[in-house]
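Notes for the one structure printed next.
In UniProt numbering, the protein residues as written are 1 to 496.
Written out as structure tokens, the structure reads:
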């Protein structure tokens, strides 16, 4: 039997968090502005996509016709939408590491095909959550082969601006739900015990697209459903057979009426449900992952966990036309109030540092010295110290850092502590140190180096200002321990 409804709800809550942090509005706005003026490379940079596509080399190798086709696709590439729809690992929702997905295929003169692909780095270098846009062909033996399960060339609506409106059709038939006066596509629950996110009603049509692209597979088409497998048979004429309720019931051992489809329509075809863990035969094709599941955005809208304004604009235009985008302008930092010795005191950022307004500088210096000698600190100073070590917004900052949004995370910290604040030992400093290590690891991966010398020294001195401190830690992580003192002095002299 499938996981309980509570487990499915937890999965939706995980997707809600992913949609909040994985592609923040400032990224989408910047990438969109650059894309609309024809700067596809700048749009990729804004969406944290590194470009390894050399159009000049492609022209020399394959000619101008192929390069023209590639350039046309690059101009329509929506890198922020691609990031929005990329395969992720739940429940954390981070990008699936070490995955190569085909975006488009182009015929080559030798009869083969070249692939425009997007890659994610291996797990040890995935900290910054960056992606890599590259070219791949059969002769390229030094880079990973595209994953047929996570291919996106049959799902251009997930990255191509010209096709983004197709999401409403590819998501499945509408269930009659309405959000903001717009029908939300969502396949109806096909069978008791079968989860809502299985796009069962779309499998035959999606399998037909796969057959039209790659030909008739000898062993059918495998639908990968986590640890479960369902193999759809394909007629000799290339028409896939739809699964019956009995086929689906075989996966969960639930009762069903033989010969009845999930939607109540009689199907003539059957599917084979292999046992758990048994790999499909070599001649079996794989239904793309994007075709297997109902898009989480449709499920989130149906559950009321997000509004159309919370979604990517192109996704919202497809699922809920006429909706408005939420305002991405962050509120200005205000004054924090603290109960201090029977009075209400104020904390705010002054001259770049979080300061207690109701205490004189001499009094603050005196109280800080007493606290260092073991005395009880002023409540105002105690709150400031706690905010430096483990701020109340640490969960939000950590989520942004986990998804690679360092800029927004640092902005949140600077709004709270001030841009000139000196980090103190604690959870916040540990999080920023981990970010610095991740940046160095990704740089090593891009340079073709092994993940060596990536251990951080716990005795790293703090820099002046949050951003300077982060840059200093990133520069120091990859330095051998024997030369770190010299490197630190050189960095401080150059900085100050």
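Cβ coordinates follow ideal geometry from the N, Cα and C atoms, glycine included.
Asked                                                                                                     : Found
Every unbroken alpha helix (DSSP H) inside the region 4-64 [4 residues or more]                           : 5-21, 25-36, 40-46 and 55-62
Same chain, Cβ closer than 7 angstroms to residue 323, neighbours up to 5 away in sequence not counted    : 180, 308, 309 and 316
Endpoints, beta strand (DSSP E) assigned at residue 372                                                   : Taken as a continuous stretch (DSSP letters only), residue 372 belongs to no beta strand (DSSP E), being part of the alpha helix (DSSP H) at 361-372.
Residue range of the unbroken alpha helix (DSSP H) whose run includes residue 168                         : 167-170
Test item: CB-CB of residue 363 and residue 381 under 7 angstroms                                         : no
Buried versus exposed, by CB contacts within 10 Å (16 or more), residue 19                                : buried
Local conformation of residue 199 per DSSP, three classes                                                 : coil
Pairwise C-alpha distance: residue 429 and residue 533                                                    : Since the first residue of the chain shown is 1 and the last is 496, residue 533 is not available in this structure.
Identity of the residues DSSP links to residue 313 by a beta bridge                                       : Residue 313 is not bridged to any residue.
Uninterrupted alpha helix (DSSP H) stretches inside the region 71-121 (no shorter than 4 residues)        : 79-85
C-beta atoms of residue 137 and residue 114 nearer than 7 angstroms                                       : yes
Anticipated Cβ contact below 8 angstroms, residue 298 with residue 319, distance rounded                  : 6 angstroms
Opening and closing residue of the beta strand (DSSP E) in which residue 142 lies                         : Taken as a continuous stretch (DSSP letters only), residue 142 belongs to no beta strand (DSSP E), as it is neither H nor E.
Which of helix, strand or coil DSSP assigns to residue 384                                                : helix
Segment contact flag, the region 93-109 with the region 65-78, C-beta cutoff 8 angstroms, min 3 pairs     : yes
8 angstroms contact criterion, which residue 82 and residue 158 should meet: CB distance rounded          : 7 angstroms
Simplified DSSP state of residue 240, which is helix, strand or coil                                      : strand
The region 389-405 touching the region 352-362, judged by at least three CB pairs closer than 8 angstroms : no
The region 118-127 contacting the region 29-39, beta-carbon criterion three pairs below 8 angstroms       : no
Cα-Cα separation, residue 235 to residue 155                                                              : 24 angstroms
Proximity of residue 222 and residue 233 at Cβ, strictly below 7 angstroms                                : no
Separation of residue 423 from residue 220, as counted between CA atoms                                   : 58 angstroms
Bounding residues of the alpha helix (DSSP H) (the contiguous stretch that carries residue 414)           : 406-417
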